[in-house]
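Here's the structure we're looking at; comments come further down.
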Amino acid sequence: MENFQKEADKFLGEARGEKPRYLEPPVDTRLENLIFRRQIMDAFPNIGDRELVIWGTRERGGRAKEIVESLGRSCLCFISSRPRTDVCYGLPLCTPDILDPARHYVILTTSAPEVLQFLRRSGFRRDSGFGT
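As structure tokens, this is what we get:
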């Protein structure tokens, strides 16, 4: 038991007063933001004259809105399957039933399987109707 504790202390860095390694982010946030920005930029040729909507209301949704606006575009609204309010990051928060593949391009900030299934059933296709 004593050896186990020493190994645990060594791994966690507590013996030297260091921050535990498991709390460090696995990916550099700046790199993640650059990759996300590039994914959104790559989607722009597929958007055409459709309105942009963002599906996802967490931090990544807010970052998507900032990136889109920094690239000179605007977003119509955020989409949530379970909205708890009417506004998200200063935009209307709507339910998925408003979506139309001919009118909207969806930027996904969630990887929930039910969201992908809904989009496909509704006629959206990856790249041509939704991305990231």
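Residue 177 in my numbering sits at position 7 of the sequence shown, with consecutive numbering throughout.
Ideal placement from N, C-alpha and C gives every residue a C-beta, glycine not left out.
- By the 16-neighbour rule on beta-carbons within 10 angstroms, Ile-237 is buried.
- C-alpha of Ala-213 to C-alpha of Arg-233: approximately 16 Å in a straight line.
- Here Thr-279 is not near Ser-250, since their CB atoms are 8 Å or more apart.
- Taking the CA atoms as reference points, Phe-206 sits about 15 Å from Trp-225.
- In the displayed model, Arg-296 falls within a strand according to three-state DSSP.
- Between Ile-210 and Ile-277 a beta carbon distance of about 6 Å is seen, short of the 8 Å cut, so the two are scored as contacting.
- If you draw a straight line from the Cα of Leu-204 to the Cα of Phe-248, it is about 22 Å long.
- Lys-235 is positioned such that its CB atom lies no closer than 8 Å to that of Leu-263.
- Considering only Arg-254, Glu-202, Phe-300 and Leu-222, the residue with the shortest C-alpha distance to Gly-242 is Leu-222.
- Where Pro-253 is concerned, there is no enclosing alpha helix (DSSP H), because DSSP gives it neither an H nor an E.
- In summary, Leu-289 is buried, with 16 or more beta-carbon neighbours lying within 10 Å of its beta-carbon over all protein chains present.
- Residue pairing by DSSP puts Gly-301 in a beta bridge opposite Ile-277.
- With fewer than 16 other Cβ atoms inside 10 Å of its own Cβ, Gly-218 counts as exposed.
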